[in-house]
Amino acid sequence: MKTKLHEVNRVNVLNLIRNKGPLSKAELAENVQVSQTTVSTILAKLMKEDYVMEEGIGDSTGGRKPVLYRFNPNKALIIAVSLRNSSIQMAVLNLSGERKNEMVYHVQNVKGHAYVEHILTSLSLFVQPILESQSKLVGISIVCPGVVDAKNGVILYNAKLDLYKIELKRLVEEAFGLQVFVENDLNALVIAEKQFGDAPYQELLYLSIDEGVGAGIVVHDHIFRGYSGSAGEIGHMSVVPGGIGCSCGNQGCLENYVSWPAIYARILSGWFTQQEGEAIVARADFVPEKVKASHFVEAACEGDPFALKIVEEMAEYIAVAITNVLHFMNPQAVILNGAHVVNNEPLLAILREKIEKRAMTIVQKDFEMKQTALGNDMNLLGALAVLLQDEMQVGKYNVFLR
């Protein structure tokens, strides 16, 4: 029992320093609710293992100035992998997310087992030189869209990539001899938002509106996966009864109205049929095929009528979906992500108005809706967060003691 309690205190001290450091012994003792003697013993061991370093001297509160302690992010390195429909992105990260090396492999129109072969080949090209030069490399963390059995590292289902029951963890571990983690991309982003972003919520919906539409769900401060691991497929919620047919077999799915491919198609249709959207297409040098999400956001923010018309349509569909979630889940917050959503101030403003009109007053009490705080290449940070969450807990994190 004593050993278990010491391990709990050790992990709590380490995570507190990692998340909120630099901190003094007194601050650590107060937060973990143990004596400073216990903290000193724990710190001595963590410093010997190279997890923690002295940062300097803090401000005095009446006596001797305290020594401050910070987490050592260079204790270990990981390989973070983000699988997308048309690309495989890899990077070497330290434990704070600082990038040491990076590569993107483009895989156009590749599906099924051919896509899996691309993963293994790309990893081999990227990983082998690093294995030969880096003794601090401790694991590979992979995030991907679709239904994922995170416990066993299996991609259960991804219709767009034609992936079914792919034992990715086993395949990669056998190939490289490193510990491997596999997680759904949106669940990974939720974990990253809580570790590195601004998401101090026990009940949360993380809504990604990008190439596809999906959600990560937090209930009682834990990822909610559902019975088969497929919770969060909000993109296949019907927002238009009898609407556009979807590849999932449903009709009127949210994804078919607000995802970037849907909005891009709407922009092209307006341009080619009625010469609408000049403010958007002009930003791509009048080459419609080069239109990006950022061009749409810029035009909307500058008040372009066509862009704002699309924004109004988007907001209506998204408001229906979020209101539905508010009524059956009652989250504290919704965090929005997606290239054509983030920084789209007209969309966010109209969306707030529509939700306020639609949702019951009681579910709006203390409710927050905001944008992601993670910045660019957040999927890589999500991959790191998955590994850290798994390893920085009682009885774990020995993966770093190599």
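If you're matching positions, the sequence shown starts at 1464 in my numbering and goes up one per residue.
Built from N, CA and C at the ideal position, the CB exists for glycine as well.
Inter-residue spacing [alpha-carbon to alpha-carbon] between residue i and residue j
i: A1725; j: K1574; result: 22 angstroms
i: C1607; j: T1500; result: 44 angstroms
i: V1676; j: Y1720; result: 10 angstroms
i: G1708; j: K1817; result: 26 angstroms
i: E1854; j: Y1578; result: 29 angstroms
i: N1557; j: L1837; result: 17 angstroms
i: L1810; j: C1764; result: 9 angstroms
i: E1518; j: I1813; result: 46 angstroms
i: V1857; j: K1467; result: Any answer about V1857 is weak, because its pLDDT of 49 lies below 50 and its placement is not dependable; what the coordinates show is given next. Going from the Cα of V1857 to the Cα of K1467 covers about 8 angstroms.
i: I1520; j: Q1834; result: 36 angstroms
i: L1619; j: V1760; result: 35 angstroms
i: M1516; j: Q1597; result: 21 angstroms
Under 7 angstroms between C-beta atoms of residue i and residue j
i: P1704; j: G1715; result: yes
i: I1605; j: V1544; result: yes
i: A1770; j: H1758; result: no
i: L1600; j: I1593; result: yes
i: I1672; j: G1801; result: yes
i: K1632; j: G1616; result: yes
i: V1788; j: A1651; result: no
i: A1678; j: G1695; result: yes
i: D1648; j: N1842; result: yes
i: G1602; j: L1641; result: yes
i: E1636; j: A1613; result: no
i: T1786; j: R1821; result: yes
i: Y1780; j: L1717; result: yes
i: V1555; j: N1564; result: yes
Exposed unless 16 or more other CB atoms sit within 10 angstroms - verdict on residue i
i: L1864; result: Low confidence applies here, because L1864 scores a pLDDT of 44, under 50, leaving its location unreliable and the question unanswered by this model.
i: R1815; result: exposed
i: H1699; result: buried
i: M1566; result: exposed
i: Q1496; result: exposed
i: A1507; result: exposed
i: A1712; result: According to the sequence as given, residue 1712 is Gly; it is not Ala. Its Cβ having fewer than 16 others within 10 Å, G1712 is exposed.
i: F1749; result: exposed
Candidates the options: closest to residue i by CA position
i: M1656; options: N1482, N1472, E1470 and G1640; result: Residue identity differs from the one stated: residue 1656 is Glu in this sequence, not Met. Closest by alpha carbon: N1482.
i: V1804; options: I1773, N1615, A1489 and E1561; result: I1773
i: L1531; options: M1700, V1555, I1603 and S1487; result: S1487
i: Y1514; options: R1527, N1807 and V1474; result: V1474
i: A1662; options: F1644, S1498 and V1681; result: V1681
i: I1541; options: F1534, K1528, G1560 and I1551; result: G1560
i: K1623; options: K1614, S1710 and I1603; result: S1710
i: Y1664; options: E1470, I1798 and D1522; result: I1798
Supposed close pair residue i, residue j - CB separation, criterion 8 angstroms
i: W1723; j: A1756; result: 6 angstroms
i: A1449; j: L1667; result: Given that the chain is displayed from residue 1464 to residue 1865, the structure contains no residue 1449 and the question cannot be resolved.
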